[in-house]
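So the structure is just underneath, and the comments pick up after that.
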Amino acid sequence: MDQKLIQGALTYGRRFVRYGKTASYIPELASKNPSKLGVAVCDLEGNILTAGDSEEKFTMQSISKLIALILALEQNSYDDVFCKVGLEPTGDSFSSTVRLDHLTNNKPFNPMINAGAIAVTSTIRGASLEERKTVCINFARKLLGSSKLDVDYEVFLSEARTGFKNRAIIYLMRSNGIIEGNCEEHLELYFMLCSLACTCRDLAVFAATLANNGVNPITGETVIPLRTVKLVRSLMVTCGMYDYSGEFAATVGMPSKSGVGGGIISCPIGKCGIAVYGPSLDEKGNSTGGLKMLEYLSENMELNMF
-18 MDQKLIQGAL
-8 TYGRRFVRYG
2 KTASYIPELA
12 SKNPSKLGVA
22 VCDLEGNILT
32 AGDSEEKFTM
42 QSISKLIALI
52 LALEQNSYDD
62 VFCKVGLEPT
72 GDSFSSTVRL
82 DHLTNNKPFN
92 PMINAGAIAV
102 TSTIRGASLE
112 ERKTVCINFA
122 RKLLGSSKLD
132 VDYEVFLSEA
142 RTGFKNRAII
152 YLMRSNGIIE
162 GNCEEHLELY
172 FMLCSLACTC
182 RDLAVFAATL
192 ANNGVNPITG
202 ETVIPLRTVK
212 LVRSLMVTCG
222 MYDYSGEFAA
232 TVGMPSKSGV
242 GGGIISCPIG
252 KCGIAVYGPS
262 LDEKGNSTGG
272 LKMLEYLSEN
282 MELNMF
């Protein structure tokens, strides 16, 4: 890895920040500084290079959907999880309800859209909601290798107070038999996962673990089974960038997952883990500067898997 290359990606990404805006539908995210931009790259030996606002804390939002899926598959069988959610891309926005009341298939299309992630989260087990929360936080700390990882409670409360679309989604799935149990508890757990606060450095380690077939490059510990890693990476390619996933795969070519908090992680297989942050988003919910940094790194580090 080359520090000049990482700095070059940051300089390139800064040109595009002005073309986006922060996520307005979550008040706490709308107030973030849109000029922030950071990047971190972790190689498979655990070496990390950073540039820009790489130590700025932000909430994972949809990146946490990967953590929920990995944990759900650790606690349950493959069939128990995927009887509630599919594996197909939709082409719809991440919060769409359009395909949830289809005449032939009521379950969400994949775990990377809100409906699918909520369905997956409902399978995460624990004796109580508080125990489920603790299990999720500890599991996220393990995957990111960060003992200090915690919830941004201001963002959590902001999401809980304004998450009417997600409430519509979960109760529609409840009426279709996809969701079982207490909808409000499942939704609270989902909001909590979205509100986990991290840095680019934290997420770069997680991305490198995915690139390294589930082995944390810093500790050498296998934290994700290989079968699960392969499944997660395939979903990142086909569904990880919302309804921009197809074009992103064609132009950047790395398994990636974005979140409306401004983060994106990429895990070019067998090479490194990349995390970028920039809360200025395009119309599809992806970081404008973050996308351009990933394009720059993919081209200059020859990371396109295709």
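For the record, in the sequence shown the residue sitting at position 10 is -9 according to this note's numbering, with numbers rising by one throughout. Yeah, the Cβ is synthetic: ideal placement off N, Cα and C, and Gly gets one too.
Taking 7 Å as the threshold (beta carbon to beta carbon), is residue i in contact with chain C?
i	result
L138	Protein chain content of the structure displayed is limited to a single chain, and chain C is not contained in it.
Alpha carbon to alpha carbon, how far is residue j from residue i? Give it in angstroms, no decimals.
i	j	result
T3	T200	35 Å
K88	D61	13 Å
C220	G97	11 Å
S261	G126	27 Å
Y(-7)	L10	24 Å
S76	S16	Residue placement at S76 is flagged as unreliable, the pLDDT there being 46, under the threshold of 50; the coordinate-derived value follows with that caveat. Going by the C-alpha atoms only, they are around 26 Å apart.
E26	V196	11 Å
A230	F287	8 Å
M222	Q(-16)	27 Å
L30	N157	47 Å
S301	L207	Absent from the model: residue 301. The displayed extent of the chain is -18 to 287, so no value can be given.
I7	R155	24 Å
L50	P92	7 Å
S103	E161	8 Å
R148	L168	7 Å
Are the beta-carbon atoms belonging to residue i and residue j less than 7 Å from one another?
i	j	result
R214	P236	yes
A256	A188	yes
A32	I94	no
A21	C164	no
G254	L18	no
V136	T40	yes
Q42	C175	yes
DSSP state of residue i, grouped into three classes?
i	result
S35	coil
K46	helix
D263	coil
Y258	strand
C179	strand
V132	strand
How is the alpha helix (DSSP H) around residue i delimited, first residue to last?
i	result
Y152	F145 to S156
D24	Careful: D24 lies outside any alpha helix (DSSP H), inside the beta strand (DSSP E) at G19 to D24.
K114	L110 to L125
R(-1)	Here R(-1) belongs to no alpha helix (DSSP H), and DSSP marks it neither H nor E.
K273	T269 to N281
M217	L207 to C220
T3	Looking at the DSSP string, T3 is not in any alpha helix (DSSP H), and its letter there is neither H nor E.
K252	Here K252 belongs to no alpha helix (DSSP H), and DSSP marks it neither H nor E.
Between which two residues does the beta strand (DSSP E) carrying residue i extend?
i	result
K13	Neither: K13 is in no beta strand (DSSP E) and is coded neither H nor E.
G244	G244 to S247
K238	S237 to S239
According to the neighbour-count rule (16 or more other Cβ atoms, all chains shown, within 10 Å of its Cβ), is residue i buried or exposed?
i	result
G251	exposed
N28	exposed
M(-18)	exposed
N119	exposed
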